[in-house]
Every structure is written in structure tokens, then in C-alpha cells.
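In the numbering used here, the protein residues as written are 15 to 111.
Even for Gly, the Cβ is constructed at its ideal location relative to N, Cα and C.
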């Protein structure tokens, strides 16, 4: 959905992950929140919503996805540590994005 060259245009615009500041952050918490809880109120209507994956991806799948996203879109940054524990903690919180 974020690839401007391919993939389905399901939810409006396709924001580039290459410029996503959360992927360059020292903490994966914001990215985890978005993956698990989605975005129901985007900053601009043209962006559309991002679905939540809390009930369709398990902790290991979210961890694998986070590791991939960090390597792919923030290769100059160190890998995040203790991701699975952070995913488990955030999964228990109510979604508020």
C-alpha cells in the first residue's frame, strides 16, 4: 500500500515510508502503535485510513515487520532492541491513533 509503483490503491494516497520519521526514531513505539492500532484519523483526508493489524498479526510477525522496515527505510540507524517486548506491551494498551 505504501509502494508508489505497485500494490493496490486501497486507502487513498501512498505515503512514502522512506521519509517516515518514526522509522528513523530511536524508539519503535510509534511504528508499533500504527501497525497494531492503525490510523483512523489521518492528518489529511487524502491520506485515507490505515487499518489495524492487532488481530491479524502475532507478536513475531509484527517484530519481523518492524525489523524489515527499519533495515529497508532507515539503513543508517542501529536496529531497535527488545522489539518483541515492546510489541507485547503496546498490544495491551488501547488504540488511540
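Supposed contact pair residue j and residue i - C-beta distance, whole angstroms, cut 8 Å
i	j	result
residue 46	residue 76	7 Å
Beta-carbon contacts of residue i that lie in its chain and below 6 Å, excluding the five residues immediately before and after
i	result
residue 64	52 and 53
residue 103	none
residue 98	73 and 77
residue 68	50
Close Cβ partners of residue i (< 7 Å) along its chain, the five nearest in sequence each way excluded
i	result
residue 43	100 and 104
residue 91	38 and 84
Per-residue DSSP class, three states only, for residue i
i	result
residue 111	In this prediction, residue 111 scores a pLDDT of 49, lower than 50, which makes its location untrustworthy; the coordinate-derived value is nonetheless stated afterwards. Residue 111 falls in the coil class under three-state DSSP.
If you pair each beta-carbon of the stretch 67 to 87 with each one of the stretch 27 to 44, do three or more pairs fall below 8 Å? Yes, since at least three Cβ pairs between the stretch 67 to 87 and the stretch 27 to 44 fall closer than 8 Å, the two stretches touch.
In chain order, each alpha helix (DSSP H) run of at least 4 residues that lies wholly inside the stretch 60 to 109: You should have 73 to 87 and 97 to 105.
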